[in-house]
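**Student:** Count along the sequence shown from 1, then add 144; that gives the number in the numbering used here. Cβ coordinates follow ideal geometry from the N, Cα and C atoms, glycine included. Bear in mind the structure is a predicted one, so any value in this text is a computation, not a measurement.
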Amino acid sequence: MQRLLTLVTLALAAAGPDIHAADYDAQVTASRETVQEFMQTLKKELQAGMQEGGPVNAVSVCNLTAPAIASTYSARNGWEVGRTSLKVRNPVNAPDAWERSVLETFEARKRAGEDPAKMEYYEVVRQDGAGKLRYMKAIPTAGLCLACHGEQVDSITKTRLETLYPDDQALGYRVGDIRGAFTITQPLATTGK
Ligand code: HEC
């Protein structure tokens, strides 16, 4: 089930005169903080799961915990928080048109020499009739990720992945590749004046 977001991107200036730069900055900062927290929680859970029973065990961490964390953040703030990629493991995470174009830009920025660990992009868009701040942060592939996203995944883990994700595209990555991105959509704060 893909996220079906009808989306018309609009320039910041066109989104309305009630957008104040200060609100917008605060929302970008809040997005950054949420992504940091999401990343750290996930990494901790992943490392614990790997230690406990290897990658085949930790598959359930990504399978269950990652979406659970994402929905916790979404529920907390009324945001949409998730992870996406140009090559998804779970079709639920497939990018919409806006996300796809940002991911493609990230790839181009990487080719131009930029460090994926520092890449982010945000923009105010008009979506479902309202102004939204959309934020994405690239996720680089680390050594830890290769057990489940690399070129050589052990056969037990591979079988487990194939069972859960028959359309898995998220294999064959190398350290330093862009594995995907965190993505946040939040209602735009307005002053109400
Ligand atoms: C133990 C196996 C495992 C490890 C290790 C692992 N992943 Fe995953 N990854 C998964 C699974 C399973 C999913 C599908 C999650 C879901 O159903 O939403 C996934 C999904 C993702 C997604 C969401 C997009 C998609 O492909 O569906 C990203 C981004 C991602 N992983 C990045 C990473 C990064 C970065 C690392 C290393 C820090 C990592 N993963 C390590 C198993 C793993």
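#1: So what's Glu248 in DSSP terms, helix, strand or just coil?
#2: Is Met263 helix, strand or coil by DSSP?
#3: Three-state secondary structure (DSSP) at Leu332?
#4: Have a look at Met280, Pro331 and Gln313 and flag the residue whose alpha-carbon is nearest the alpha-carbon of Pro260.
#5: Which word fits Ala325, buried or exposed, when buried means at least 16 other C-beta atoms lie within 10 angstroms of its C-beta?
#6: CA-CA distance, Ala214 and Gln171?
#7: Going by the C-beta, is Thr228 closer than 7 Å to any heavy atom of the ligand HEC?
#8: Look up Val152 in the DSSP assignment and say whether it is helix, strand or coil.
#9: Let's test the definition: count the other Cβ atoms within 10 Å of the Cβ of Lys276 and tell me whether it reaches 16, buried, or not, exposed.
#10: Per DSSP, Gln195 is paired with what?
#11: With a threshold of 7 Å, establish whether the CB of Lys187 neighbours any heavy atom of the ligand HEC.
#12: If I'm right that Pro199 touches Thr301 with Cβ under 8 Å, what's the distance once you round it to whole angstroms?
#13: Taking only three categories from DSSP, how would you classify Val236?
#14: Could you pull out every residue in the same chain whose Cβ sits closer than 6 Å to the Cβ of Arg233, ignoring the five residues on either side in sequence?
#15: Using 7 Å as the cut-off, classify the Cβ of Leu288 as near or not near the heavy atoms of the ligand NAD, replying yes or no.
#16: Measuring alpha carbon to alpha carbon, tell me which residue in Tyr266, Val236, Lys187 and Gln271 is nearest Thr249.
**Tutor:** Looking at the coordinates:
#1: Along the sequence shown, read from residue 1 onward, the residue named residue 248 stands at position 104. In the three-state DSSP reduction, Glu248 falls in the helix class (H, G or I).
#2: The residue you call residue 263 lines up with position 119 of the sequence shown. Here Met263 carries a coil assignment [DSSP, helix/strand/coil].
#3: Sequence index remark: in the sequence shown, residue 332 carries index 188 (1-based). Reduced to three states, the DSSP call for Leu332 is coil.
#4: To locate residue 260, count along the sequence shown from 1; it is residue 116. Closest by C-alpha distance to Pro260, out of Met280, Pro331 and Gln313, is Met280.
#5: Locating residue 325 in the sequence shown gives position 181, where the first residue counts as 1. The C-beta of Ala325 has 16 or more other C-beta atoms within 10 Å across all chains shown, which makes the residue buried.
#6: Along the sequence shown, read from residue 1 onward, the residue named residue 214 stands at position 70. Along the sequence shown, read from residue 1 onward, the residue named residue 171 stands at position 27. Each residue's Cα considered, the two are about 18 Å apart.
#7: In the sequence shown, residue 228 corresponds to position 84, counting from 1. Because some heavy atom of the ligand HEC lies under 7 Å away, the Cβ of Thr228 counts as near it: yes.
#8: The residue given as residue 152 occupies position 8 in the sequence shown. Unreliable placement is indicated for Val152, whose pLDDT of 34 sits below 50; the coordinate value is still reported in the next sentence. Of the three classes helix, strand and coil, the one that applies to Val152 here is strand, per DSSP.
#9: By one-based count along the sequence shown, residue 276 stands at place 132. So Lys276 counts as buried.
#10: Position 51 of the sequence shown, counted from the start, is the residue given in the question as residue 195. Per DSSP, none; premise fails for Gln195.
#11: Within the sequence shown, residue 187 is the residue found at index 43, counting from 1. Taking 7 Å as the cut-off, one finds at least one heavy atom of the ligand HEC near enough to the beta carbon of Lys187.
#12: Along the sequence shown, one-based indexing puts residue 199 at 55. Along the sequence shown, one-based indexing puts residue 301 at 157. About 4 Å separates the beta carbon of Pro199 from that of Thr301, a gap short enough to meet the 8 Å contact definition.
#13: In the sequence shown, the residue the question calls residue 236 occupies position 92. DSSP places Val236 in helix when its eight states are reduced to three.
#14: For the purposes of this step, residue 233 is identified with residue 89 of the sequence shown, where counting begins at 1. Same-chain partners within the cutoff: Tyr309, Asp312 and Ala314.
#15: The ligand NAD is not part of this structure, which contains only the ligand HEC.
#16: Stepping through the sequence shown from its first residue, residue 249 is reached at position 105. Answer by Cα proximity: Tyr266.
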